[in-house]
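Protein chains: 2
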Amino acid sequence: MVILSKLADYGVIIATHMAAFPDRQITAAALAEATQLPQATVAKLLKAMAHAGLVMATRGATGGYRLARGAKSISVAEVVAAIDGDIGLTQCSVHVDECARTTYCPTRPHWAAINRAVGQALAAVSLDAMITPAVFAPRTARTTSPEADEPRYSA
Amino acid sequence: MVILSKLADYGVIIATHMAAFPDRQITAAALAEATQLPQATVAKLLKAMAHAGLVMATRGATGGYRLARGAKSISVAEVVAAIDGDIGLTQCSVHVDECARTTYCPTRPHWAAINRAVGQALAAVSLDAMITPAVFAPRTARTTSPEADEPRYSA
DNA sequence: CTATAACGTACCAAATCGGTCCGAATTTGG
DNA sequence: CCAAATTCGGACCGATTTGGTACGTTATAG
Numbered sequence: 042m043v044i045l046s047k048l049a050d051y052g053v054i055i056a057t058h059m060a061a062f063p064d065r066q067i068t069a070a071a072l073a074e075a076t077q078l079p080q081a082t083v084a085k086l087l088k089a090m091a092h093a094g095l096v097m098a099t100r101g102a103t104g105g106y107r108l109a110r111g112a113k114s115i116s117v118a119e120v121v122a123a124i125d126g127d128i129g130l131t132q133c134s135v136h137v138d139e140c141a142r143t144t145y146c147p148t149r150p151h152w153a154a155i156n157r158a159v160g161q162a163l164a165a166v167s168l169d170a171m172i173t174p175a176v177f178a179p180r181t182a183r184t185t186s187p188e189a190d191e192p193r194y195s196a
Numbered sequence: 042m043v044i045l046s047k048l049a050d051y052g053v054i055i056a057t058h059m060a061a062f063p064d065r066q067i068t069a070a071a072l073a074e075a076t077q078l079p080q081a082t083v084a085k086l087l088k089a090m091a092h093a094g095l096v097m098a099t100r101g102a103t104g105g106y107r108l109a110r111g112a113k114s115i116s117v118a119e120v121v122a123a124i125d126g127d128i129g130l131t132q133c134s135v136h137v138d139e140c141a142r143t144t145y146c147p148t149r150p151h152w153a154a155i156n157r158a159v160g161q162a163l164a165a166v167s168l169d170a171m172i173t174p175a176v177f178a179p180r181t182a183r184t185t186s187p188e189a190d191e192p193r194y195s196a
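Line order of the protein sequences matches chains A and B.
For my numbering, add 41 to where a residue sits in the first sequence, where the first one is 1.
For my numbering, add 41 to where a residue sits in the second sequence, where the first one is 1.
See the structure below:
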């Protein structure tokens, strides 16, 4: 399964590109050209990010977009949330009726804990960090499960 | 955005229910009844889990399903992976062509790091842990961001 | 006043997801 | 040995969501 939607992925790419060239205003069209993404989609994403206060927009001729804050103070989580909405693991509130009756569903707090961990994983990385070359987090890779590096999709 | 698909959520519910009554064989129909989920869907999920080796199936009359291993040695990540496929954040290999040319896309290792963190968050919780009442992980909640506890969906 | 560029909304197409069904294989019980 | 029960493994379809587009409006620069 893929966690981030394609749009969110695009959003991070766009934001990262802007972070790479700070204090330079760039139009949606130019950004689409630079990232090789469909122009209309880029405009849509920029709009969403502007709505979330991540980027500043200047209208009219010679207008364009710019990061609203420094690249260090914008996290990947914010970009994703601006596009896909807030991050949540499950919508387990759907079937609580009977499930709650039989076992009282004690899983809820655990879901919340996992949720928090995921959110922090995304919040821990800033746009600035995304454009720094390598870093290579040491010995976090688990040799027992080969799927960690290369994402695979539901067969 | 919701990370886990509804199916994966169901799968965890089913697996958790089986973990609550270990070494008792149960048919797909009975499981559907107990969890109040559509019967055909439960059968499908059980099938997927059996394929992944998480549950053992016994055919024929008086057949049914049973956890293949102890509830402590099965993680939520495994259940999710059995249903939704392996967990990956992005499919960023789609647009690498031009993106790689302009900035060499140094974001990849960072994605991998985030990916690993998410995977571990899911792998850290076993089915056994899911059925233990509360635990309440202490002071992990961030008071600054109110979205952490209650999952919200894309508006 | 005109050209440019963001804004907002509405809209369409397509892919994926959630869910159903049916036939085949297998085991228990009579 | 036969019949009922139950999983297995496909194919299959409908509907929600997602990805992407288009158009008209607003605002700024020259």
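Even glycine gets a Cβ: it sits at the ideal position worked out from N, Cα and C.
Chain A contacts made by the stretch 102-130 of chain B, where a contact means CB separation under 8 Å:
Cβ contacts with chain A: V117, V121, A122, D125, G126, D127, I128, G129, L130.
How many whole angstroms separate the CB atoms of I128 (chain B) and V159 (chain B), which I take to be in contact at a CB cut-off of 8 Å?
As a working note, residue 128 (chain B) is residue 87 in the second sequence. As a working note, residue 159 (chain B) is residue 118 in the second sequence. Between V159 (chain B) and I128 (chain B) the Cβ distance is about 7 Å, and since that is below 8 Å, they are a contact.
Can you give, in chain order, each stretch of the beta strand (DSSP E) that sits fully within the stretch 62-139 of chain A and has at least 3 residues?
Those beta strand (DSSP E) runs which fall completely within the stretch 62-139 of chain A and span 3+ residues are 96-99, 105-108.
For L108 (chain B) and V120 (chain A), what's the separation of their Cα atoms in angstroms?
As a position in the second sequence, residue 108 (chain B) is number 67, starting the count at 1. As a position in the first sequence, residue 120 (chain A) is number 79, starting the count at 1. For L108 (chain B) and V120 (chain A), the distance between alpha carbons rounds to 40 Å.
Do T131 (chain B) and V83 (chain A) have their C-beta atoms closer together than 8 Å?
Locating residue 131 (chain B) in the second sequence gives position 90, where the first residue counts as 1. Locating residue 83 (chain A) in the first sequence gives position 42, where the first residue counts as 1. For the 8 Å CB-CB criterion, T131 (chain B) and V83 (chain A) do not form a contact.
Which residue marks the beginning of the alpha helix (DSSP H) containing A164 (chain B), and which one marks its end?
In the second sequence, residue 164 (chain B) corresponds to position 123, counting from 1. In this chain, the alpha helix (DSSP H) harbouring A164 (chain B) covers 149-164.
Residues of its chain near G253 (chain B), where Cβ-Cβ distance is below 8 Å and the 5 sequence neighbours each way are ignored:
Here chain B covers residues 42 to 196 and nothing more, so residue 253 (chain B) does not appear.
Please check if any C-beta of chain A sits within less than 8 Å of the C-beta of I172 (chain B).
Taking the first residue of the second sequence as position 1, residue 172 (chain B) is located at position 131. By the rule that beta-carbons nearer than 8 Å mark a contact, I172 (chain B) touches chain A.
Counted within 10 angstroms of its Cβ, other Cβ atoms place S116 (chain B) as buried (16 or more) or exposed
For the purposes of this step, residue 116 (chain B) is identified with residue 75 of the second sequence, where counting begins at 1. Label assigned to S116 (chain B): buried.
Have a look at A:G94, A:K113, A:A49 and flag the residue whose alpha-carbon is nearest the alpha-carbon of Y206 (chain A).
Lying before the first or after the last residue shown, residue 206 (chain A) is absent from chain A, which here runs from 42 to 196.
For I54 (chain A), tell me which candidate among B:Q161, B:H151, B:S167, B:T173 has the shortest Cα-Cα distance.
In the first sequence, residue 54 (chain A) corresponds to position 13, counting from 1. Checked all of B:Q161, B:H151, B:S167, B:T173; the closest Cα to I54 (chain A) is B:H151.
I'd like to know whether the C-beta atoms of A60 (chain B) and A112 (chain B) end up nearer to each other than 8 Å.
Reading the second sequence from its first residue, position 19 is the one you call residue 60 (chain B). Reading the second sequence from its first residue, position 71 is the one you call residue 112 (chain B). Yes. Within cutoff.
Kindly say whether M42 (chain A), judged by its beta-carbon, lies nearer than 8 Å to any beta-carbon of chain B.
Translated into the one-based positions of the first sequence, residue 42 (chain A) becomes position 1. Interface residue, yes.
What residues from chain A crowd round P79 (chain B), counting only those whose CB sits closer than 8 Å?
Along the second sequence, one-based indexing puts residue 79 (chain B) at 38. Residues of chain A passing the Cβ test: none, with the nearest at roughly 10 Å.
Thinking C-alpha only, which one of B:A70, B:L87, B:T173, B:A71 is nearest Y51 (chain B)?
As a first step, residue 51 (chain B) must be located in the second sequence, where it is residue number 10. Proximity to Y51 (chain B) across B:A70, B:L87, B:T173, B:A71 peaks at B:L87, based on C-alpha coordinates.
When Cβ atoms are compared, which residues of the stretch 45-64 of chain B fall closer than 9 Å to chain A?
Residues passing the 9 Å Cβ filter: L45, S46, K47, A49, D50, Y51, V53, I54, T57, H58, A61.
Could you compute how far the alpha carbon of S114 (chain B) sits from the alpha carbon of R149 (chain B)?
Taking the second sequence and counting its residues from 1, the one referred to as residue 114 (chain B) is at position 73. Taking the second sequence and counting its residues from 1, the one referred to as residue 149 (chain B) is at position 108. Taking the straight line joining both Cα atoms gives about 31 Å.
When the cut-off is 8 Å and only beta carbons count, does L163 (chain B) lie next to chain A?
Position 122 of the second sequence, counted from the first residue, corresponds to residue 163 (chain B). Yes, L163 (chain B) lies at the interface with chain A (some Cβ there is under 8 Å from its Cβ).
I172 (chain A), enclosing alpha helix (DSSP H) - first and last residue:
Looking up residue 172 (chain A) in the first sequence gives position 131. First-last of the alpha helix (DSSP H) with I172 (chain A): 168-172.
Taking the DSSP output, what are the residues bridged to V43 (chain A)?
Along the first sequence, one-based indexing puts residue 43 (chain A) at 2. Beta-bridge partners of V43 (chain A) (DSSP): B:G129.
Please tell me whether V83 (chain B) has its Cβ less than 8 Å away from any Cβ of chain A.
Here residue 83 (chain B) corresponds to residue number 42 of the second sequence, with the count starting at 1. The beta carbon of V83 (chain B) does not come within 8 Å of any beta carbon belonging to chain A, so the residue lies off that interface.
With burial defined as no fewer than 16 other Cβ atoms inside 10 Å of the residue's Cβ, what is the status of R58 (chain B): buried or exposed?
Sequence index remark: in the second sequence, residue 58 (chain B) carries index 17 (1-based). The sequence given here places His at residue 58 (chain B); Arg does not occur at that position. Label assigned to H58 (chain B): buried.
Does the distance from the CB of A89 (chain A) to the CB of L163 (chain A) come in under 8 Å?
If you number the first sequence from 1, residue 89 (chain A) lands on position 48. If you number the first sequence from 1, residue 163 (chain A) lands on position 122. Going by beta carbons, A89 (chain A) and L163 (chain A) fall outside the 8 Å limit.
Quick one: list the residues of chain A neighbouring A71 (chain B), beta-carbon separation under 9 Å, in chain order.
Along the second sequence, one-based indexing puts residue 71 (chain B) at 30. Those do not exist, as A71 (chain B) stays about 12 Å from chain A at its closest Cβ, beyond 9 Å.
State buried or exposed for A81 (chain A), treating a residue as buried only when at least 16 other CB atoms are found within 10 Å of its CB.
Position 40 of the first sequence, counting from 1, holds the residue named residue 81 (chain A). If you draw a 10 Å sphere on the C-beta of A81 (chain A), you find fewer than 16 other C-beta atoms in it, and that means exposed.
Measure from the C-beta of V159 (chain B) to each C-beta in chain A and report whether the shortest distance is under 8 Å.
The residue labelled residue 159 (chain B) in the question sits at position 118 within the second sequence. Closer than 8 Å: yes.
Can you pull the chain A residues whose beta carbon is under 7 Å from the beta carbon of T148 (chain B), in chain order?
One-based indexing of the second sequence puts residue 148 (chain B) at position 107. Correct list: T57, M171.
Starting from the Cα of A153 (chain B), find the closest Cα among A:K47, A:A153, A:M171 and give me that residue.
Position 112 of the second sequence holds residue 153 (chain B). Among A:K47, A:A153, A:M171, the Cα nearest to that of A153 (chain B) belongs to A:M171.
Taking CB distances under 8 Å as the criterion, tell me whether I67 (chain B) reaches chain A.
Within the second sequence, numbered from 1, the residue matching residue 67 (chain B) stands at position 26. It does not; no Cβ of chain A falls within 8 Å.
Give every residue of the same chain whose Cβ lies closer than 8 Å to the Cβ of A196 (chain B), excluding the five residues on either side of it in the sequence, and list them in chain order.
Translated into the one-based positions of the second sequence, residue 196 (chain B) becomes position 155. Since pLDDT at A196 (chain B) reaches only 25, below the 50 mark, its modelled position is unreliable, and the value read off the structure follows with that caveat. Nothing meets the Cβ criterion.
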